[in-house]
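K.L.:
Structure incoming, see below.
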Amino acid sequence: MIRFRLLGIPVVVQPFFWITLALVGGAVSAKSPDDFLRLGLFLLAGFVSILVHELGHALTARRFGGWSEITLEAFGGFATCTGVRLGRWQQMALSAAGPALQILLGIVVWWSLPHAIDLTPHAKYFLHTLMVISLFWAVLNLLPVLPLDGGRILEALLGPRQIRTTLWISIVVSLVCGWLMFNAYGSMLFAIFMGFFAWQAWKALAALPRG
Numbered sequence: 070m071i072r073f074r075l076l077g078i079p080v081v082v083q084p085f086f087w088i089t090l091a092l093v094g095g096a097v098s099a100k101s102p103d104d105f106l107r108l109g110l111f112l113l114a115g116f117v118s119i120l121v122h123e124l125g126h127a128l129t130a131r132r133f134g135g136w137s138e139i140t141l142e143a144f145g146g147f148a149t150c151t152g153v154r155l156g157r158w159q160q161m162a163l164s165a166a167g168p169a170l171q172i173l174l175g176i177v178v179w180w181s182l183p184h185a186i187d188l189t190p191h192a193k194y195f196l197h198t199l200m201v202i203s204l205f206w207a208v209l210n211l212l213p214v215l216p217l218d219g220g221r222i223l224e225a226l227l228g229p230r231q232i233r234t235t236l237w238i239s240i241v242v243s244l245v246c247g248w249l250m251f252n253a254y255g256s257m258l259f260a261i262f263m264g265f266f267a268w269q270a271w272k273a274l275a276a277l278p279r280g
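Add 69 to a position in the sequence shown, counting from 1, and you land on the number used in the working numbering.
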């Protein structure tokens, strides 16, 4: 486990963060030294991108007067926000801040790529991977699916009285997106990922009091 501070915010990186990221990056099929070098660059790009995402949440939480800590874990991470009570619009801003900062990172890297003519192929691979991960991860997190940021935004927008609606939207969007990605790209991992979110939402829905 790695611990450090970034801009005064505690950061914890759990071992499973690296393991799951390596699996996504093709660790199973890596054979040559170049494959492992590219895998290492993929891990670095994923680490930077997801850390920037969570930093967006943490800095916003601090701006609202809260205390935040970042944890990077299996398949992503989260940033806590404690010590302050947030209103509906603050909750929405807090949830949107992570994807927004990550999209900004992706756009900056995308803009810089055509100008990076003197970089080595591996440096260009790193920047391209950083751009792709940043934009994909941000868009994924904006899906209206709990517990993703888009689901949190929807939850804050509709309010606690419409939690059933939020959960049903989460279930439907999860299943549809998982099915589309599996049929279009054969992405079993993504389908399992979205299926897990649908199952979580279904459990939460079943636990709600009737009436």
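Backbone N, C-alpha and C fix where the C-beta goes; we use that ideal spot for every residue, glycine too.
Along the chain, where does the beta strand (DSSP E) that runs through residue 79 open and close?
P.N.:
Its beta strand (DSSP E) spans residues 78-82.
K.L.:
Output the boundary residues of the beta strand (DSSP E) element that contains residue 174.
P.N.:
Unbroken run through residue 174 is the alpha helix (DSSP H), 157-181; no beta strand (DSSP E).
K.L.:
Apart from the five residues on each side of it in sequence, which residues of its chain come closer than 7 Å, Cβ to Cβ, to residue 95?
P.N.:
Closer than 7 Å at the Cβ level, and outside the excluded window around residue 95, lie 108.
K.L.:
Leaving out five residues before and five after residue 185 in sequence, what residues of the same chain have Cβ atoms less than 7 Å from its Cβ?
P.N.:
Contacts found: 193 and 196.
K.L.:
Return helix, strand or coil for residue 113, following the three-state DSSP convention.
P.N.:
Residue state, collapsed to three classes: helix.
K.L.:
Buried or exposed: which applies to residue 261, given that a residue is buried once 16 or more other Cβ atoms fall within 10 Å of its Cβ?
P.N.:
By the 10 Å Cβ count, residue 261 comes out exposed.
K.L.:
Taking the alpha carbon of residue 132 as the reference point, which residue from 276, 91 and 151 has its own alpha carbon closest?
P.N.:
Of the candidates 276, 91 and 151, the one whose C-alpha sits nearest the C-alpha of residue 132 is 151.
K.L.:
So what does residue 73 bridge to, in DSSP terms?
P.N.:
BP columns for residue 73 point to 80.
K.L.:
Tell me whether residue 94 sits in a helix, a strand or coil according to DSSP, three-state version.
P.N.:
Of the three classes helix, strand and coil, the one that applies to residue 94 here is coil, per DSSP.
K.L.:
How long is the line joining the alpha carbons of residue 145 and residue 160, rounded to whole angstroms?
P.N.:
Approximately 20 Å between the Cα atoms of the pair.
K.L.:
Would residue 221 be called buried (16 or more neighbouring beta carbons within 10 Å of its own) or exposed?
P.N.:
Residue 221 should be labelled buried.
K.L.:
Does DSSP classify residue 219 as helix, strand or coil?
P.N.:
Helix.
K.L.:
Rounded to a whole number of angstroms, what is the C-alpha to C-alpha distance between residue 191 and residue 249?
P.N.:
Each residue's Cα considered, the two are about 32 Å apart.
K.L.:
Within this structure, are the beta carbons of residue 239 and residue 213 separated by less than 8 Å?
P.N.:
Contact flag set, yes.
K.L.:
Is it buried or exposed, residue 206, if we count other Cβ atoms within 10 angstroms and call 16 or more buried?
P.N.:
Answer is buried; the Cβ neighbour count reaches 16.
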